[in-house]
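**Student:**
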Amino acid sequence: MPTNIQKRCPCYGFGFAVRTRVLTPSWGNQCALYIGEARPCQMEIQGQAPDWGKCPLNAGAICRQTFGRWCQEAVTVIAPEHPEGIQFREWVEIVLAQNPSERYK
């Protein structure tokens, strides 16, 4: 698993846009869960730190299905530190490793 990823907030989709099974950096506060739209993180807009465990979008089955599908369908994450891309399931493990308290939320 890649280890040279910069420290991230505990959210898998913060700062990314989704295009054709690829998450690409948006260099801002974009939320990848708004597929096909460029929308900012709702938590950040409300003055809160982005946190997947507390995110209002993490409340429903649609979101769990989306992330589950991304893991199964080999969605690629183009992280700035890995321009060649890594699999979404690896990305989840990296974010969880950096934020271990999020693993059980």
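Read in order, the letters of the sequence shown correspond to residues 1031 to 1135 in our numbering.
All residues carry an ideal CB built from backbone N, CA and C; glycine is no exception.
Note that the coordinates shown come from a computational prediction; the quantities given were computed from them, not determined experimentally.
If the criterion is Cβ atoms closer than 8 Å, does the pair I1116 and A1109 meet it?
**Tutor:** yes
**Student:** Over what stretch of residues does the alpha helix (DSSP H) that includes E1120 continue unbroken?
**Tutor:** F1118 to Q1128
**Student:** Could you tell me which of V1105, G1043 and R1051 sits nearest to P1080, measuring between CA atoms?
**Tutor:** G1043
**Student:** Across which residues does DSSP place Q1078 in a beta bridge pair?
**Tutor:** According to DSSP, Q1078 bridges with nothing at all.
**Student:** Straight-line CA distance for T1054 to V1048?
**Tutor:** One C-alpha to the other measures close to 6 Å.
**Student:** Look at the alpha carbon of W1082 and the alpha carbon of P1040, and state the distance between them as a whole number of angstroms.
**Tutor:** 6 Å
**Student:** Quick check on DSSP: helix, strand or coil for Y1134?
**Tutor:** Below a pLDDT of 50, predicted positions are generally treated as unreliable, and Y1134, at 41, falls in that range; the measurement from the model is reported next regardless. Coil at Y1134, not helix or strand.
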